[in-house]
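To start, the structure under review is shown below, and the notes come after it.
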Amino acid sequence: MKGTKTKTLEEIFHPSTTLRVKSGKPLFMAHMIAGYPTIPESVQVAKALVKGGADIIEVQIPFSDPMADGPTIAVACEEALKKGATVAKALVVIKKVATFGKPVVVMTYMNPVYRMGIPKFIEAISKAGATGLIVPDCPFDTQDGWSLLATCKAAGIALIPVVSPGVPKERLKTLAKDATGFWYCTTRQGITGATSVFASALPGFIKTMRSISELPVAVGFGVKSRKDVKDLSKVADIVIGGSVFVATLKRSKKVLIVEKTMRSLIG
Amino acid sequence: MTHETFGGAYVPEMLWKTLQDLIAAFENAKKDKVFQAEFADLLKNFSGRPTPLIFAERATKRLGGAKVYLKNEGANHTGAHKITHCLGQGLLAKRLGKKMIIAETGAGQHGVATATVAAKLGLECIVFMGSEDIRRQRPNVFLMERLGAKVVPVEYGSKTLKDAVNEALKFWMENLDKAHYCIGSVLGPKPYPEMNRYFQSIIGREIRSELQEREAKLPNAVIACVGGGSNAIGSFHDFIKDDVRLIGVEAGGVGKKVGQHASRKIAGRVGIFQGYKSLFLQTDDGQISPTHSISAGLDYPGLGPELADLYQEARLELTYALDKEAVAAVDFFAKSEGVISALESAHALAEVRKVAPKMPKDSIIVATISGRGDKDLFNFARAFKDKSFRDFLKDEYERY
Ligand SMILES: Cc1ncc(COP(=O)(O)O)c(C=O)c1O
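Going down the list, the protein sequences come from chains W and G.
Residues in the first sequence are numbered from 1 upward in steps of one, following the working numbering.
Residues in the second sequence are numbered from 268 upward in steps of one, following the working numbering.
Shown next as structure tokens:
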């Protein structure tokens, strides 16, 4: 991590976020699915992740066809929906998770956002206490991307772009004009979960990002072990874990076990 | 409905460059004489174009109204219109230096066409197919494998076409350098809807010139079945500016409830999915709804964005045919015209049976038969409750 440039979460997010972190140590963003294993249990999962040391909680609102997700998260989303998860119920989860004292970033796909109506959706997550939003299938420069961006800006929600090694510098420059919060940089091209093989181009790519933008860089996809976290800490301001927690929940009925998983990752 | 801008490129940033490269290659190819010559040569000497325009004389008499012509895309090599956009994309993939083409498939027609083109052009091929569709269209799986393609079953979601698209997109994102994703209809992010329409619009151009030769006039209506919409927009595009009714026929399935059909006319609402904005079958919560059709190729929740545009402008009429109407239409045209159509195409034929009698005798309908029925042999046998075919299968099983 570039120690000198480290930002406090206050700087990263909306000023209403009160948490401060020490500089010099990367933050950890832990991902969870609203409604997985069940709606009430997913709130407990968030609590356990916070207890285990997560700095930011990423709450995924399940969508039937999650294009950027690997089998672990995709199947879990399908299960959550089967058990009755809805956007409305996910919003209740977000509201509860937001009381745990850590910033909450919402992640979902464009269709549920569009269906509800962009202004209504942004108002709802904002009221629920979210500080950021990730919509991987909605680039800024699409008709509805512009509208999402403008609405997020007005509401003080950071619309976080997802980029990957291989995205050209010119494209990063375009995105940088409108990016807020932080960059979500995937460790490689592809989908969540799967392998922990990070692209060899990753460090160079992050260097390019830093030459273009001052925003912190969060790095994730395939983070499974303490070693992964350590490796990524050299280049990232925020390390992201997701499938690793979902996989833990699949193996064990006790949801609180993710606290241990979380701890084991950051040591 | 407020005026919507359909289409777009709603995809993760990691696809941006790949799509830009594809747009550039496509724009170049449009102007490039060498590409045009290669494409035309393959269409003629590999696929067998132009496809015939059949005057359905006996059907016309039986229906008692408009003169019915059938544009037989089933006469193409591999048995459907799909080969046309596969050849176009295969040539582009080579120009982009890709070593592999991947595809999704529903009925298996697009998969077979892609596998065929891959073999012809010397490219590696992987086809993603919902396990439910594999069950319904096993003969095509066998053919794809014989053609050297790898068929990967998709075991999640509804295990049909939309899930195969998801899986192909995912594989693509992990293999952007080596693979070209050969999308099988006029859907997905820019430039796919325009690009596949560009390749397929030869159907409408041929209809125009063939009918000019025979009747010296334009048709009054062109009718085609609509899954994603590639054979439909291919048939319609050349007539958009003319006074010709354009009628798209969707899968009415077995009823109007969620999961019983695949008709965007019945229940489509504006959404953003699989890279494009259009009409989709979805829940109030924005989850994509399950669909049903007897024909795997129409069993898909989204409408190609250019067709959604035409529908929004009231230039396109959408309607639907039920499963049983499609099966009956296969039978009708088999017996009266000697053409056994695919179950997908039979939806268009079912509409012909409804509208032809209501139209004057000097009017002309052209219906596109997007594919021939060979692939549906097993489905037909079951739909017609053919006992001897059942016995044959038993025997065949014993002999195996
Ligand atoms: C014979 C046939 N017709 C029609 C379709 C539907 O596709 P589209 O609407 O893109 O023409 C398919 C798709 O598999 C097909 O195989």
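Think of the CB as a built atom: it goes at the ideal place given N, C-alpha and C, for glycine as much as any other residue.
Residue j beta carbon less than 8 Å from that of residue i
{"i": "residue 630 of chain G", "j": "residue 487 of chain G", "result": "yes"}
{"i": "residue 124 of chain W", "j": "residue 159 of chain W", "result": "no"}
{"i": "residue 470 of chain G", "j": "residue 618 of chain G", "result": "no"}
{"i": "residue 191 of chain W", "j": "residue 440 of chain G", "result": "yes"}
{"i": "residue 377 of chain G", "j": "residue 338 of chain G", "result": "no"}
{"i": "residue 551 of chain G", "j": "residue 518 of chain G", "result": "no"}
{"i": "residue 209 of chain W", "j": "residue 172 of chain W", "result": "yes"}
{"i": "residue 553 of chain G", "j": "residue 184 of chain W", "result": "no"}
{"i": "residue 336 of chain G", "j": "residue 633 of chain G", "result": "yes"}
{"i": "residue 102 of chain W", "j": "residue 57 of chain W", "result": "yes"}
{"i": "residue 53 of chain W", "j": "residue 257 of chain W", "result": "no"}
{"i": "residue 457 of chain G", "j": "residue 290 of chain G", "result": "yes"}
{"i": "residue 333 of chain G", "j": "residue 648 of chain G", "result": "no"}
{"i": "residue 341 of chain G", "j": "residue 347 of chain G", "result": "yes"}
{"i": "residue 383 of chain G", "j": "residue 428 of chain G", "result": "no"}
{"i": "residue 464 of chain G", "j": "residue 501 of chain G", "result": "yes"}
{"i": "residue 46 of chain W", "j": "residue 95 of chain W", "result": "no"}
Cutoff 8 Å: residue i Cβ touching any chain G Cβ
{"i": "residue 68 of chain W", "result": "yes"}
{"i": "residue 189 of chain W", "result": "yes"}
{"i": "residue 119 of chain W", "result": "no"}
{"i": "residue 162 of chain W", "result": "yes"}
{"i": "residue 262 of chain W", "result": "no"}
{"i": "residue 243 of chain W", "result": "no"}
{"i": "residue 110 of chain W", "result": "yes"}
{"i": "residue 65 of chain W", "result": "yes"}
{"i": "residue 59 of chain W", "result": "no"}
{"i": "residue 107 of chain W", "result": "no"}
Chain-order list of residues whose beta-carbon lies under 7 Å from that of residue i (same chain, five-residue window excluded)
{"i": "residue 388 of chain G", "result": "357, 361"}
{"i": "residue 455 of chain G", "result": "541, 542, 543"}
{"i": "residue 430 of chain G", "result": "397, 421, 423, 424"}
{"i": "residue 288 of chain G", "result": "363"}
{"i": "residue 578 of chain G", "result": "585"}
{"i": "residue 64 of chain W", "result": "81"}
{"i": "residue 51 of chain W", "result": "259"}
{"i": "residue 145 of chain W", "result": "138, 139"}
{"i": "residue 108 of chain W", "result": "60, 61, 63, 135"}
Contact with chain W by residue i, beta-carbon distance below 8 Å
{"i": "residue 280 of chain G", "result": "yes"}
{"i": "residue 664 of chain G", "result": "no"}
{"i": "residue 660 of chain G", "result": "no"}
{"i": "residue 349 of chain G", "result": "no"}
{"i": "residue 366 of chain G", "result": "no"}
{"i": "residue 269 of chain G", "result": "no"}
{"i": "residue 558 of chain G", "result": "no"}
{"i": "residue 272 of chain G", "result": "yes"}
Same chain, Cβ closer than 6 Å to residue i, neighbours up to 5 away in sequence not counted
{"i": "residue 599 of chain G", "result": "none"}
{"i": "residue 316 of chain G", "result": "310"}
{"i": "residue 201 of chain W", "result": "165"}
{"i": "residue 394 of chain G", "result": "370, 372, 378, 411, 416, 418"}
{"i": "residue 606 of chain G", "result": "600"}
{"i": "residue 235 of chain W", "result": "203, 206"}
{"i": "residue 534 of chain G", "result": "548"}
{"i": "residue 483 of chain G", "result": "none"}
{"i": "residue 186 of chain W", "result": "164, 221"}
{"i": "residue 213 of chain W", "result": "176"}
{"i": "residue 443 of chain G", "result": "285"}
CB contact check: residue i to chain A, cutoff 8 Å
{"i": "residue 275 of chain G", "result": "Among the protein chains of the structure shown, namely W and G, there is no chain A."}
*Going along the segment 204-238 of chain W in order, which residues come within less than 8 Å of chain G, judged by CB to CB distance?*
none
*Residues in the segment 132-160 of chain W with C-beta within 7 Å of chain G's C-beta atoms, listed in sequence order?*
136, 137, 138, 139, 142, 143, 144
*Anything in the segment 409-439 of chain G with a Cβ closer than 8 Å to a Cβ of chain W? List those residues in chain order, please.*
423, 424, 429, 430, 433, 436, 437
_Give me the subset of the segment 69-93 of chain W whose CB atoms are less than 7 Å from a CB atom of chain G, sorted by chain position._
74, 75, 78, 81, 86, 87
*For the segment 30-48 of chain W, which residues have a beta carbon sitting closer than 8 Å to at least one beta carbon of chain G?*
none
_Under 9 Å, CB to CB, which of the residues in the segment 537-555 of chain G have a partner in chain W?_
537, 538, 539, 540, 541, 542, 544, 547, 549, 550, 551, 552, 553, 554, 555
*Would you list, in chain order, the members of the segment 564-581 of chain G that have their beta-carbon closer than 9 Å to a beta-carbon of chain W?*
none
*Would you list, in chain order, the members of the segment 440-462 of chain G that have their beta-carbon closer than 9 Å to a beta-carbon of chain W?*
440, 441, 442, 443, 444
*What residues from the segment 518-538 of chain G come within 9 Å of chain W, judged by C-beta to C-beta, listed N to C?*
536, 537, 538
_Contact set between the segment 164-176 of chain W and chain G, restricted to residues whose Cβ is under 8 Å from the partner_ = 164, 166, 167, 168, 171, 175
_Against chain W: residues of the segment 361-390 of chain G by CB proximity under 7 Å_ = none
*According to a CB-to-CB cut-off of less than 9 Å, which residues of the segment 291-319 of chain G neighbour chain W?*
none
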